[in-house]
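In our numbering, the protein residues as written are 351 to 695.
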């Protein structure tokens, strides 16, 4: 049977922490809770569940705090939890069974992460698999009977355990403010984090967030050595920001390169939003229709589905055709229901 350390970082989670830890009863062999500066009763709540509660001076780096929590673990496996997660009784039982039966060669266990759209700012789908349980220490081995090579890819097991995300607030504003500070410091992001930044802007960004991000994505766009998909994502962000500002010149400048062939659906929606904002419902409707006519999303799945459908609904409402407007709103609801439940990893 595997022994498991639960590792958490928390701040002002006195309300949700008991709900999370009660769901884990009987699963972990130790619980590590790292507090990053709570001003409520979070630490007192944590101490009801474990004596391994540590302080971490916040350095504006979630990974640093996570890594500090991992450094305190002693068990063979680490389960990383957030205070706004819950596990229902059925999946608690599955988790206990997993603990009993986990093969020692398994290094990473993926679990289904549900409820992502409750306060979505970076995710396109409601359920995706995430690496939630993993070995604390990894033993490297050679593979193959001849021309042997060191195996560097982990042994990953996809389990049937479902973790449910149940947030009490939207983190988009906090995250985008964090990104803005990093941009102001001249930080460069990994390709993964850059894509997350772009997606969070598209899903949750306000005009000021796009203004803060503009220098970063203009620099990305100016780098001809970047892969085409990276340049397209930058164009999507810059186009959305220009549409929010009703800046026709900037919008056309960044959209023009994408209009050769089929532009990304985000570009179509940005153009639709711009024309709708200035009262040109016919042009707006044409661009929303283009988003639905074979355009592919670069960042946000709904930009090729429910988003332009709702845009068309607004266009028809403005010209007094409520029947068509309501029809497009129903289509948008159905599209979300059919397409956003589960996505590929």
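The C-beta atom is built at its ideal place from N, Cα and C for all residues, glycine as well.
Can you look up residue 353 in the DSSP assignment and give me helix, strand or coil?
coil
Would residue 516 and residue 395 qualify as a contact pair, given that the criterion is a beta-carbon distance under 8 Å?
no
What first and last residue would you give for the beta strand (DSSP E) that runs through residue 461?
458-464
Touching or not, the stretch 358-370 and the stretch 484-500, by the rule of three or more beta carbon pairs under 8 Å?
no
Pick out whichever of 580, 528, 501 has its Cα sitting closest to the Cα of residue 409.
528
Take residue 642 and list the residues in its own chain whose beta-carbon comes closer than 6 Å to its own, dropping the five residues that flank it on each side.
658
Per-residue DSSP class, three states only, for residue 361:
coil
Distance check for residue 645 and residue 613, CA to CA, integer angstroms please.
6 Å
May I ask you to report which of helix, strand or coil DSSP gives residue 671?
coil
Check whether the stretch 503-518 touches the stretch 419-430, counting contact only when three or more Cβ pairs, one atom from each stretch, lie closer than 8 Å.
no
Closest to residue 628 by C-alpha separation, out of 668, 371, 577, would be which residue?
668
DSSP has residue 404 in a bridge; who is on the other side?
384
Please state the DSSP three-state secondary structure of residue 515.
strand
Following the continuous beta strand (DSSP E) through residue 481, name the residue where it begins and the one where it ends.
478-485
Residues of its chain near residue 391, where Cβ-Cβ distance is below 6 Å and the 5 sequence neighbours each way are ignored:
364
Output the distance between the C-alpha atoms of residue 694 and residue 652, rounded to the nearest integer angstrom.
With a pLDDT of 41 at residue 694, under the threshold of 50, the modelled position of this residue cannot be trusted; read the value that follows with caution. Residue 694 and residue 652: Cα-Cα distance of roughly 15 Å.
Who are the Cβ neighbours of residue 679 in its own chain at under 6 Å, not counting the five residues just before and after it?
663
Where do the N-terminal and C-terminal ends of the alpha helix (DSSP H) with residue 628 fall, by residue?
That residue, residue 628, is in no alpha helix (DSSP H); it is neither H nor E in DSSP.
Measuring only the C-alpha atoms, how far is residue 639 from residue 656?
11 Å
Here's the rule: buried if 16 or more other CB atoms are within 10 angstroms of the residue's CB, otherwise exposed. What is residue 509?
buried
Can you tell me whether residue 529 is helix, strand or coil according to DSSP?
helix
Determine, using beta carbons only, whether residue 670 and residue 619 come nearer to each other than 8 Å.
no
If we call anything under 8 Å between Cβ atoms a contact, is residue 552 one with residue 604?
no
Excluding the five sequence neighbours on either side, which residues of its own chain have a C-beta within less than 6 Å of the C-beta of residue 637, listed in chain order?
618, 621, 622
On the criterion of 16 or more Cβ atoms from any shown chain inside 10 Å, does residue 540 qualify as buried, or is it exposed?
exposed
Under the assumption that residue 431 contacts residue 356 (Cβ atoms under 8 Å), give the Cβ distance between them as a whole number of angstroms.
6 Å
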